[in-house]
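Here the structure is laid out as structure tokens; the discussion comes afterwards.
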Amino acid sequence: MPVRQILRDVSDGWQACVAEGDYTRVWIPDPDEVWRSAELTKDYKEGDKSLQLRLEDETEYPINVQNNQLPFLRNPDILVGENDLTALSYLHEPAVLHNLKVRFLESNHIYTYCGIVLVAINPYDQLPIYGQDVIYAYSGQNMGDMDPHIFAVAEEAYKQMARDEKNQSIIVSGESGAGKTVSAKYAMRYFTTVSGSASDTNIEEKVLASSPIMEAIGNAKTTRNDNSSRFGKYIQIGFDKRYRIIGANMRTYLLEKSRVVFQVSRVTGWWDRPICRPLQFHCDSTDSLLG
Numbered sequence: 001m002p003v004r005q006i007l008r009d010v011s012d013g014w015q016a017c018v019a020e021g022d023y024t025r026v027w028i029p030d031p032d033e034v035w036r037s038a039e040l041t042k043d044y045k046e047g048d049k050s051l052q053l054r055l056e057d058e059t060e061y062p063i064n065v066q067n068n069q070l071p072f073l074r075n076p077d078i079l080v081g082e083n084d085l086t087a088l089s090y091l092h093e094p095a096v097l098h099n100l101k102v103r104f105l106e107s108n109h110i111y112t113y114c115g116i117v118l119v120a121i122n123p124y125d126q127l128p129i130y131g132q133d134v135i136y137a138y139s140g141q142n143m144g145d146m147d148p149h150i151f152a153v154a155e156e157a158y159k160q161m162a163r164d165e166k167n168q169s170i171i172v173s174g175e176s177g178a179g180k181t182v183s184a185k186y187a188m189r190y191f192t193t194v195s196g197s198a199s200d201t202n203i204e205e206k207v208l209a210s211s212p213i214m215e216a217i218g219n220a221k222t223t224r225n226d227n228s229s230r231f232g233k234y235i236q237i238g239f240d241k242r243y244r245i246i247g248a249n250m251r252t253y254l255l256e257k258s259r260v261v262f263q264v265s266r267v268t269g270w271w272d273r274p275i276c277r278p279l280q281f282h283c284d285s286t287d288s289l290l291g
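The sequence shown lines up with residues 1 to 291 when you count with the UniProt record's numbering.
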């Protein structure tokens, strides 16, 4: 659909909503808060060049309307905090950010569904939501019947593998420092527990044990992350006919030369230089560090 047509559709829906008087709160861009809530104080009519808004602190805030670029409508309060973003009446950037913010800050929920996608916020803290009791609570349950959790995604993949006997994939993506490695670790812990393989082979520990070696070669310190992965990991977990883990294989990718970092002027320190990477292996083998 052309961009112009999308704008027209948005404008029509916005006008209809305001005309009915059902909802008059909107989101406007803000340099400090990114998005700020405001209330429409005067009915909008097609062709109007400006909108009369009032901020939450009662400040009047008129804005000009150009090229049908109307503010984003705000969802009713009853929908704020929904555990599935697709349940929102209006699904756009400020609505998504506000819903995630409310769930995280007010309810300490780091997981939110967006259909079949699980959105995770890195709390930079240890949360008591990954114990054995939580794993067993999600085992055998349907994804939509439980609160959003990485265990729900893992259970869905495990259940479909056993039912359809077909390979399943879980894609963990995000920016540097988002918590991808930790999410993958919890997914593997779930598979190990529900398959009854914990006593036979701790696949989670074995896969994670290889991380320091791979990170010493493939990671680098950047301006945004002290331990930024410069490669991707593709972890294959094998199951037997009784759906118990029998092994795993890890493959790396995205190791092109274009992803090799170099030292920029504002990043100082010898540890950033690739030539010093082999020294880590040498230093780690000294008697003083081995105890």
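Quick reminder that beta carbons are idealized off the backbone N, C-alpha and C, glycines included.
Alpha-carbon to alpha-carbon, S176 and R224:
Working through the sequence shown from its first residue, we reach residue 224 at position 224. Working through the sequence shown from its first residue, we reach residue 176 at position 176. Cα to Cα, the separation comes out at about 8 Å.
According to the Cβ coordinates, are E204 and R189 closer than 7 Å?
By 1-based counting over the sequence shown, the position of residue 204 is 204. By 1-based counting over the sequence shown, the position of residue 189 is 189. Contact flag set, yes.
Identify whether G140 lies in helix, strand or coil by the three-state DSSP scheme.
To locate residue 140, count along the sequence shown from 1; it is residue 140. In this structure, G140 counts as coil in the three-state DSSP scheme.
Pairwise C-alpha distance: I235 and D133:
If you number the sequence shown from 1, residue 133 lands on position 133. If you number the sequence shown from 1, residue 235 lands on position 235. If you draw a straight line from the Cα of D133 to the Cα of I235, it is about 26 Å long.
CA-to-CA distance, M250 to G218, given in whole angstroms
If you number the sequence shown from 1, residue 218 lands on position 218. If you number the sequence shown from 1, residue 250 lands on position 250. Going by C-alpha positions, G218 is about 14 Å away from M250.
At a cut of 8 Å, does the region 87-99 reach the region 139-152 through at least three beta carbon pairs?
Because the criterion of three Cβ pairs below 8 Å is not met, the region 87-99 and the region 139-152 do not touch.
Same chain, Cβ closer than 7 Å to H109, neighbours up to 5 away in sequence not counted
For this step, residue 109 is matched to residue 109 along the sequence shown. Taken in chain order, the residues that qualify are R103.
Report buried or exposed for S169, applying the criterion of at least 16 other Cβ atoms within 10 angstroms of its Cβ.
Here residue 169 refers to the residue found at position 169 of the sequence shown. That one is exposed.
Report yes if the CB atom of S228 is closer than 7 Å to the CB atom of A216, and no otherwise.
For the purposes of this step, residue 228 is taken as the residue at position 228 of the sequence shown. For the purposes of this step, residue 216 is taken as the residue at position 216 of the sequence shown. No; because the gap between Cβ atoms is not below 7 Å, this pair is not in contact.
Do S195 and R244 have their C-beta atoms within less than 7 Å of each other?
For this step, residue 195 is matched to residue 195 along the sequence shown. For this step, residue 244 is matched to residue 244 along the sequence shown. Yes, these two residues count as a Cβ contact at 7 Å.
Extract the residue ranges of the beta strand (DSSP E) inside the region 184-232, only unbroken runs of 3 or more that lie entirely within it.
Listed in chain order, nothing qualifies, since the region 184-232 has no complete beta strand (DSSP E) run of 3 or more residues.
Could you pull out every residue in the same chain whose Cβ sits closer than 6 Å to the Cβ of A154, ignoring the five residues on either side in sequence?
Position 154 of the sequence shown, counted from the first residue, corresponds to residue 154. Correct list, in chain order: A187 and Y190.
When the Cβ atoms of the region 60-75 are set against those of the region 26-44, are three or more pairs found closer than 8 Å?
Yes, the region 60-75 is in contact with the region 26-44.
Under 7 Å between the Cβ atoms of T112 and L100?
Position 112 of the sequence shown, counting from 1, holds the residue named residue 112. Position 100 of the sequence shown, counting from 1, holds the residue named residue 100. Annotated as proximal: T112 and L100, with beta-carbon spacing under 7 Å.
Output needed for A82: all residues of its chain with C-beta closer than 7 Å, excluding positions within five of it in sequence on either side, in chain order.
What you label residue 82 is simply residue 82 of the sequence shown in a count that begins at 1. It is Glu, not Ala, that sits at residue 82 in the sequence shown. Once the five neighbours on either side are set aside, the close Cβ partners of E82 are L88 and N99.
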